Each structure stands twice: as structure tokens, then as C-alpha cells.
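**Q** Residues in the sequence shown are numbered consecutively from 1, following the working numbering.
Dropping a structure here in C-alpha cells format, bear with me for questions.
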Amino acid sequence: MINLESFQKSLLAVIISASLTASLTGCGASASSDGTEISIGDDSGSSGNDGSSDGDSSGDDGSSEGGASGDDSSGDGGSSGGGSSGGDDSGDDSSGDGGSSGGGSSGSDDSGSGDSDSGDSGSGDSDSGDSGSGDSDSGDSDGDESGSDDSDADDEDLSSYGTPAVKADLFSGYTGDYGNNATDESLPVFSDTIYINLSDLTFSTDNSEFSSILKGTETAVIDGVSIVRDGKGYITVDASGTSDSIKFVLSGTLTKGTVDITAKKNASVGVELNGVDITSGNNPAVVVGPKTATAYVILKGTNYLTDGRIFGIGYSKANGTDYYDSSVDSSVDVSEASMTQKWALGSDDNGVISTKGIFRISGDGILNISTAYKHGVYAKNRLYVYGGQIGVKNSGRNGLQSKNGFDMFGGTINIEGVGNHTNKQSRGIIVSGDESEDGAGLGGMNFVDGVVNITTVGKAISAKWDIEDDAETTETTDDPSPVVKISGGTFNITTSGQVIDSDRSQNTVSYYDEDGILTTEAEKCSPEGIEGKLGLEISGGTFNINTTDDALNASRDGSAYINISGGSLYLNASSADAIDSNGDINISGGVIVSVATMGSEDGFDCDGKLTFTGGVAVGISGSNHEYASTGSSTTTQNTFVIGSSYLGSQNTVMAIMDSSDNPVFVFKLPSTSYSLATVSSPNLAAADTYGVYSGVTVSGGTEFRGLYTVMPSVSGGSLTGSVTTNDSTHVYTSLSQGGGSFGPGAGGGEPPSFPGGR
1 MINLESFQKS
11 LLAVIISASL
21 TASLTGCGAS
31 ASSDGTEISI
41 GDDSGSSGND
51 GSSDGDSSGD
61 DGSSEGGASG
71 DDSSGDGGSS
81 GGGSSGGDDS
91 GDDSSGDGGS
101 SGGGSSGSDD
111 SGSGDSDSGD
121 SGSGDSDSGD
131 SGSGDSDSGD
141 SDGDESGSDD
151 SDADDEDLSS
161 YGTPAVKADL
171 FSGYTGDYGN
181 NATDESLPVF
191 SDTIYINLSD
201 LTFSTDNSEF
211 SSILKGTETA
221 VIDGVSIVRD
231 GKGYITVDAS
241 GTSDSIKFVL
251 SGTLTKGTVD
261 ITAKKNASVG
271 VELNGVDITS
281 GNNPAVVVGP
291 KTATAYVILK
301 GTNYLTDGRI
311 FGIGYSKANG
321 TDYYDSSVDS
331 SVDVSEASMT
341 QKWALGSDDN
351 GVISTKGIFR
361 ISGDGILNIS
371 TAYKHGVYAK
381 NRLYVYGGQI
391 GVKNSGRNGL
401 QSKNGFDMFG
411 GTINIEGVGN
421 HTNKQSRGII
431 VSGDESEDGA
441 GLGGMNFVDG
451 VVNITTVGKA
461 ISAKWDIEDD
471 AETTETTDDP
481 SPVVKISGGT
491 FNITTSGQVI
501 DSDRSQNTVS
511 YYDEDGILTT
521 EAEKCSPEGI
531 EGKLGLEISG
541 GTFNINTTDD
551 ALNASRDGSA
561 YINISGGSLY
571 LNASSADAID
581 SNGDINISGG
591 VIVSVATMGS
601 EDGFDCDGKL
611 TFTGGVAVGI
621 SGSNHEYAST
631 GSSTTTQNTF
641 VIGSSYLGSQ
651 NTVMAIMDSS
661 DNPVFVFKLP
671 STSYSLATVS
681 SPNLAAADTY
691 GVYSGVTVSG
701 GTEFRGLYTV
711 MPSVSGGSLT
721 GSVTTNDSTH
731 VYTSLSQGGG
741 SFGPGAGGGE
751 PPSFPGGR
């Protein structure tokens, strides 16, 4: 039965609302949903939740022609709803640093909200904002009640374009090693601490008395710091008004939300994640800016950051209709939005946690990140890891990425890169160096300690900026230095993608990249283990690397190098070279087992010199390529290149014995077929006669992945060949598989007899 009284009240409300709307829209007005603001423009037509385009279509915050509406659309140079400024950054980043953030204008020059600079229109999670139609906000309509239900109606269904990430825990059930947590000596003493509880949308300066974060109204927290939310989960913290170092402690749960913190230029800001669980909408979960700031991320407790964005969607804060596709009329004003396959209101910031400045991560807590869009952690400047447990499950682009460099001093990193997008496979830790006036020597990576576990489709670790691709200047003084330096730590790396060399590929593929932009190029996939475009320098650490492409790679033509002076390295490349340099390979120390059993690949492969001056090493090759002859003159440690028929079949043990019948080199052969082995050891002395035995039995000793560093007792086996060394020759080769000579240099004649035998 119809309640007549209720029906009459409802009908009266509709009539009043219609009359009010008709009178207002004739003047180009928009009314806020909470009744706190009316904006009158010239020709805006109907009100919109992010700006009407041509006066007739609704969006999410502010009108396009009839004056900006929304909480506070102007900033230091921004457009409506936290819009864009004329910042100077391009490339991966969609906007500059100015512009308003959230509901209020930013404080000082270049102090916007980091890469996204997105405010009310930037969150893109909902159909309406503070200035939208009256039925939009399912949260706090009056703007002064706290509560976790701070989102509007569901977004347009984008499921046909992909699936957003789901929360993941990469340390649940983890049984591997944990890295020691190092101390970041640069961590400042913070002058103030501000606590933000995301579950009930409150803040406190003493962690006891909490106040509500108001919707659309900035609240002064302390002098120079304000906080506001937009009603759709986007929380803006503006600390650009103080030069003090402030720490913000985040806790609680936020759904379809973002925390955007802006510090003063050149300031330090602390972001402590202490039991936080954020699932973002069309923006990152956490943004810190500006680009000149240093953000100290301190991990406490267990934290989750989950990206709500989707690979193949171009997110932008531009005004206009919420969603465009590639057929949109070019006359439609989309501001900074790309004409892509699919575009959504939001931010294309690169990381789930993102900054244009510096990230320094420390602490003893856990940070679990899940993304299906771009990167897990992104720093446009430099990224430092001192401690904590960082886990990234990524079906988008990269686990961790920075522009200018990466340094790890402790902690544990677990990365699962499972996205297999055409030519955009998920990768692990990436530095793509950026040339600039102050860019000389940047673009490298430095690992001192810690544990790194990476399983990816694409590259695992790469300082990938190619100097030869420099398009800015012809000068070299400002070139980055894409070198990977490793002095310690533990590395467990597995890559799984199919190796496709773009230089040799016969296939041209067209695909939509992570931003939904149609791209056509040669097919490629380079699932390498550790790559330094210019060089690799390894002086310590423990490595277990299993790849489809090169396990270690330095790829700049001519000048690339790989230097190994220490560490214990097991390298196994199933479809490429284990160690590959387009320049030199220099081995002066360490224990190295380098396996590449595919027919045309090598344990050690270089275009320049292969030099042994120390270390204990074995390189197993599927090919029967000659030793890099130019390295013979620089090698000072005796090195033998021996065909498989001398060494024995797979899974058996070979030994080299000296003239006193003592083992000097013992190795268990791999489980797959091979052609030859390159072995080098300080035990292979000059002026002695050595015998090569296959199929021996061993007991005792100490081995690393089958290579004995402390000699075992050896018995049995078959003598297959012998060689007498001298003072002037250090490289002894066997050039043909399963036969040929085994003598000095290129060989010749019969192998000398082995006195004594056993």
C-alpha cells in the first residue's frame, strides 16, 4: 500500500528541485551536492560532476565553459579539480608540479601533488564530486562527519579492458632468507608527527585526540600543514607551508582512495606506513611530492597497497566526459588526455606509491604491493632501500622503478612479475636513467646488502638507459652511467619469457601499451637476469640466477664490460649466454658456475677480451666456439678449454689432477648435454703436467653448485687427456667437440703422455 503522506512529500521535493534546476541552469550554474556552494558561469548549461563539455554532458568536478566548479579548482597554475599546471616534466609523468591538489590550491611554486597533481577530478573513482548533482554522494553529504564510506556510485565498467590488481601477500608462507635491516643515517629528527586514521577519516597531532578530515574544507593541522578530502576517497595533505620536517603516520583502511602528501620544495617528509590497507581507484594509493622533496618511507607492521587501475587504460585529470575511446571527435576538449583506446578520469602516475622526488625506504615492517597497471614503487629521482620487507606482485609493468638510480643497503625484496603484455612484459627492479644538466653519472644501481627474490616474465634487474639513444644533446659530460654495482647481498632470480631479439625479429606487432596508446614496433622480449647497459661490477654476494635470456649482460657495443672480483655465482641461461658482454669480461676473483647449454650459446661470451686473473670458474657452453683469443694476452691465470668427450656425460664428475695425482679442479657436470667447458683456477699452476679424468668418484670437500672450492678425495674415472703447462702460455684450448688436440694455444699434435696415472 502506498503511503500517501510520503508520496506527497516526495512529489513536492521533485517539483521544487526541478524548478530550482531550471532557474539556475539558465544562468549556467551548478549546485554542490551538499548545498554549500553554487557556481555561476557564462554558458555552462547543466551542472556536472567534473565539468560539462559544451554545456551538456556531465562529468566529475567543475564545468568546462561556464566557470570552474568543484571544491577549489584553481591552484598555482592548475585547471579545475586539482588540474594540471605547466610543469616541465614529460615522459612517463603526465603533469608538472604546480596545480591544486585536492580541494585547495597548493601553497608554493612547484608544490603540487607530485606526478598526478590530481584533486577532486583526479580521483576518478566515482560519478560525481562535491559540486555534482545532489544524489551522487553516498558518504558524508554535509562534509563534516567522518566515516570510511567515502565513495560514490561504481565507476563505468572497464572490465573488458583488463582486470585490476587484487590484494596480495608475498610474505605469507615465505621460507627464504631475510636481509638485515640497515640504518638510514640521513633519517631526520622530525619536528612534528601527524597521525592519520584512514578507517574513520580522522587525524591527530598526539595520537589520542582525533578530529575529522572535512570534505571540501581544508583544516589546519599545524602551522603550514592542512588536510582535506574530496568525498571520493582522495585525501590531500598540504605541508608546503612549512620548512620543518614533518612525519605522517598512516593507519587503517581506505577503499577507492588516495593519500596525496605535498611537502615544501627541498624539504624532507616522513611517511610511516603502520598497518595501512589502501585500495586505490583511478589514482595511485600514495603520492608524495614535489620533485625536489625527499620522502622517508618508514615501514611498521603489515601494510597493503593495491592499485585499482588497469593496464591499457589511459588515465588523466583532463576535463570533459569521463571516458573516451579512439573514435572520439577530435573537437572534444580532452585537455591533457591522450586520444587512446580507452581513457578514464584519474592519474597515470607510474607507481602504486609514487614520487617525483626521492624515496628512502627503511624500517622493520612489511609492505605488500599489488598492481596490474604500471609499477609498484616509482621514484622519478632516486630510490633507496635500507630495510623492511617489500613485496610486489605485478601484472602490469615493473616492480620497482626509478629514473636516476637505485641503492639497496638492507631489507628483503620479493617481486613477482607475471604480466605478459605484448612487448611490455612485467619486470623487476628497473632504472631508466635520464639525461639532464645534473645527470652526469646517474642512472646506475648499487647493491650493498639485503635479499632480492625476483620471478618475472621480463628483465629482473636492469640499469637500462642506453647512452647511444641520447636524443637531448651530443655532449657526453651529462650522460648517465647505467652500471650495476654489487658488493653484497643474496639474489634469487628466475625469468620465464621467450627470448625475442627485436634486432632480428621478423615480426612487427601492434598493441596497446599500459596507457592504452596504440603502438607498432618489432616484437621483442629480453628476460635477462641482471643487466647494466654500460657495465656490471660484482665484488661480492651470492647469486642463484636461472633465465631464458642472458643471466648477466652488458650490452653497449664496444665499451661494455663485466668485471667479477668476488662473490659466489650460479648462472644458468636456457636460451642464451650465461655471461654476455658486448665488450670485455674480466674475472679476477669469486666462484663462478656459468651454464649455457643451448647449441649456439656460451658460458662466457664477449665481443672483446675474456680475461682470467683470479677466481675459480667454470663456463659450460652448448657451442664449440673458440676462446676469445684477444684475451689470451691479458689472462695470467691458467685456463683450459676442454671438449665434452674429455669431460664425460651429464651428471657425472670430472677432475683435473696434477702430476702428484692431487685433484686441483673438480666439477659435477650439468644435467643437460653440452659441447665444452672453460675452466680456470689458481690451482692450475705453470710448469706442471695435468690429467683430465671423466667419471670420477668423490668424497668430502666443499662445493658450490657442483664446483669444488675445497678439493675432495678423488678415485676411479678414466684418463681422457693431459696437458703440460709452461710459463709463457696461460690459455690452453680444445677446439673441437669430443676430440681434437688439447695443448697450448690453438693446440696441435697428440696430447702429451700423463706420467704416473693412478
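Idealized CB from N, CA, C, for every residue including glycine.
The structure presented is a predicted model; accordingly, all values stated were derived computationally and were not measured.
#1: Rounded to a whole number of angstroms, what is the C-alpha to C-alpha distance between Gly701 and Ser487?
#2: Locate the alpha helix (DSSP H) running through Leu647, then write down its first and last residues.
#3: DSSP three-state call for Gly114: helix, strand or coil?
#4: Does Asp125 come out as helix, strand or coil in the three-state DSSP assignment?
#5: Rounded to a whole number of angstroms, what is the C-alpha to C-alpha distance between Glu416 and Thr733?
#6: Out of Trp465, Thr494, Glu185, which has the shortest C-alpha to C-alpha gap to Pro482?
#7: Name the residue from Tyr296, Tyr512, Leu201, Ala617 whose alpha carbon lies nearest to the alpha carbon of Arg229.
#8: Looking at C-alpha atoms only, which residue of Ser600, Ser568, Asn572 is the closest neighbour of Ile587?
#9: Give the DSSP-derived three-state secondary structure of Tyr708 in the structure shown.
#10: Cα separation between Asn553 and Thr456?
#11: Between the alpha carbons of Ala168 and Asp307, how many angstroms are there, rounded?
#12: May I ask you to list the residues that DSSP assigns as paired with Trp465?
#13: With C-beta atoms as the reference, is Asp513 less than 8 Å away from Thr519?
#14: How long is the line joining the alpha carbons of Asp260 and Ala267, rounded to whole angstroms?
#15: How should Gln498 be labelled, buried or exposed, when 16 other C-beta atoms within 10 angstroms of its C-beta is the threshold for buried?
#16: Just the Cα atoms here: how many angstroms apart are Met408 and Tyr646?
#17: Where do the ends of the beta strand (DSSP E) carrying Thr494 lie?
#18: What do you reckon, are the CB atoms on Thr548 and Thr634 nearer than 8 Å?
#19: Looking only at its own chain, which residues have a Cβ that is under 7 Å from the Cβ of Thr597, when we skip the five neighbours before and after it?
#20: Measuring alpha carbon to alpha carbon, tell me which residue in Lys393, Asn572, Ala576, Gly532 is nearest Asn563.
#21: Measuring alpha carbon to alpha carbon, tell me which residue in Lys393, Met445, Asn207, Thr183 is nearest Arg427.
#22: Measure the alpha-carbon distance for Ser581 versus Val249 and round it to whole angstroms.
#23: Grab me the residues of Ile413's own chain with a C-beta within less than 6 Å of its C-beta, minus the 5 sequence neighbours each way, in chain order.
#24: Hey, how far is the Cα of Tyr195 from the Cα of Gly252?
#25: In angstroms with no decimal places, state the Cα-to-Cα distance between Asp364 and Asp223.
#26: Alpha carbon to alpha carbon, what distance is there between Gly535 and Ser793?
#27: Identify every residue that forms a DSSP beta bridge with Glu537.
#28: Can you list, in chain order, the residues of its chain whose CB lies under 6 Å from that of Gly765, leaving out five sequence neighbours each side?
#29: Can you tell me the Cα-Cα spacing of Gly799 and Asp348, whole angstroms?
#30: Hey, how far is the Cα of Gly77 from the Cα of Leu254?
#31: Does Ser715 come out as helix, strand or coil in the three-state DSSP assignment?
#32: With which residues is Ile196 paired in a DSSP beta bridge?
**A** Based on what the coordinates show:
#1: Here residue 701 refers to the residue found at position 701 when the sequence shown is read from its first residue. Here residue 487 refers to the residue found at position 487 when the sequence shown is read from its first residue. Roughly 27 Å separates the two Cα atoms.
#2: Here residue 647 corresponds to residue number 647 of the sequence shown, with the count starting at 1. Going by DSSP, Leu647 is part of the alpha helix (DSSP H) stretching over 644–647.
#3: Within the sequence shown, residue 114 is the residue found at index 114, counting from 1. With a pLDDT of 36 at Gly114, under the threshold of 50, the modelled position of that residue is not reliable, and no figure is offered here.
#4: If you number the sequence shown from 1, residue 125 lands on position 125. Confidence is the limiting factor: at Asp125 the pLDDT is only 37, short of 50, which leaves the residue's position unreliable and the question unanswerable from this model.
#5: Numbered from its first residue, the sequence shown carries residue 416 at position 416. Numbered from its first residue, the sequence shown carries residue 733 at position 733. Roughly 42 Å between the two C-alpha positions.
#6: The sequence position of residue 482 within the sequence shown is 482, counting from 1. Measuring from the Cα of Pro482, the nearest candidate turns out to be Trp465.
#7: Here residue 229 corresponds to residue number 229 of the sequence shown, with the count starting at 1. Considering only Tyr296, Tyr512, Leu201, Ala617, the residue with the shortest C-alpha distance to Arg229 is Leu201.
#8: For this step, residue 587 is matched to residue 587 along the sequence shown. Comparing alpha-carbon positions, the option among Ser600, Ser568, Asn572 lying closest to Ile587 turns out to be Ser568.
#9: As a first step, residue 708 is located in the sequence shown; it is residue number 708 there, counting from the start. Reduced to three states, the DSSP call for Tyr708 is strand.
#10: By one-based count along the sequence shown, residue 553 stands at place 553. By one-based count along the sequence shown, residue 456 stands at place 456. Looking at the two C-alpha atoms, the distance is approximately 16 Å.
#11: Taking the first residue of the sequence shown as 1, we reach residue 168 at position 168. Taking the first residue of the sequence shown as 1, we reach residue 307 at position 307. Taking the straight line from one Cα to the other gives about 11 Å.
#12: Locating residue 465 in the sequence shown gives position 465, where the first residue counts as 1. Paired residue(s): none; Trp465 is not in a bridge.
#13: Position 513 of the sequence shown, counted from the start, is the residue given in the question as residue 513. Position 519 of the sequence shown, counted from the start, is the residue given in the question as residue 519. Contact: yes.
#14: Numbered from 1 along the sequence shown, position 260 holds the residue referred to as residue 260. Numbered from 1 along the sequence shown, position 267 holds the residue referred to as residue 267. Asp260 and Ala267: Cα-Cα distance of roughly 16 Å.
#15: Position 498 of the sequence shown, counting from 1, holds the residue named residue 498. With fewer than 16 other Cβ atoms within 10 Å, it is exposed.
#16: As a position in the sequence shown, residue 408 is number 408, starting the count at 1. As a position in the sequence shown, residue 646 is number 646, starting the count at 1. Distance between the alpha carbons of Met408 and Tyr646: 44 Å.
#17: Taking the first residue of the sequence shown as 1, we reach residue 494 at position 494. Per DSSP, Thr494 belongs to the beta strand (DSSP E) from 490–495.
#18: By one-based count along the sequence shown, residue 548 stands at place 548. By one-based count along the sequence shown, residue 634 stands at place 634. Between Thr548 and Thr634, the C-beta gap is not smaller than 8 Å, which leaves the two residues out of contact.
#19: Here the question's residue 597 lines up with position 597 in the sequence shown. Counting only residues of its own chain and dropping the five nearest sequence neighbours on each side, Thr597 has a CB closer than 7 Å to the CB of Ile620, Gly622, Pro670, Thr672, Ser673, Tyr674.
#20: Translated into the one-based positions of the sequence shown, residue 563 becomes position 563. For the options Lys393, Asn572, Ala576, Gly532, the alpha carbon positioned closest to that of Asn563 is the one of Gly532.
#21: Position 427 of the sequence shown holds residue 427. Arg427 has its Cα closest to that of Lys393, out of Lys393, Met445, Asn207, Thr183.
#22: Counted from its first residue, the sequence shown places residue 581 at position 581. Counted from its first residue, the sequence shown places residue 249 at position 249. The alpha-carbon separation between Ser581 and Val249 amounts to approximately 46 Å.
#23: Translated into positions along the sequence shown, residue 413 becomes position 413. Cβ neighbours of Ile413 beyond the five flanking positions: Ile390, Val452.
#24: The residue given as residue 195 occupies position 195 in the sequence shown. The residue given as residue 252 occupies position 252 in the sequence shown. Straight-line Cα distance between these residues: approximately 11 Å.
#25: By one-based count along the sequence shown, residue 364 stands at place 364. By one-based count along the sequence shown, residue 223 stands at place 223. Taking the Cα positions, Asp364 is about 31 Å away from Asp223.
#26: The structure shown has nothing for residue 793, since the chain only spans 1 to 758.
#27: Position 537 of the sequence shown holds residue 537. DSSP lists Lys485, Asn563 as partners of Glu537.
#28: Nothing about residue 765 can be reported from this structure: the residues present for the chain run from 1 to 758 only.
#29: The structure shown has nothing for residue 799, since the chain only spans 1 to 758.
#30: Position 77 of the sequence shown, counted from the start, is the residue given in the question as residue 77. Position 254 of the sequence shown, counted from the start, is the residue given in the question as residue 254. Note that Gly77 has pLDDT 35, beneath the 50 cutoff, so the model's placement of it is unreliable and the number below is only indicative. Rounded to the nearest angstrom, the gap between the Cα atoms of Gly77 and Leu254 is 29 Å.
#31: Indexing the sequence shown from 1 puts residue 715 at position 715. Three-state result, Ser715: strand.
#32: Counted from its first residue, the sequence shown places residue 196 at position 196. The partner list for Ile196 (beta bridge, DSSP) reads Phe203, Leu250.
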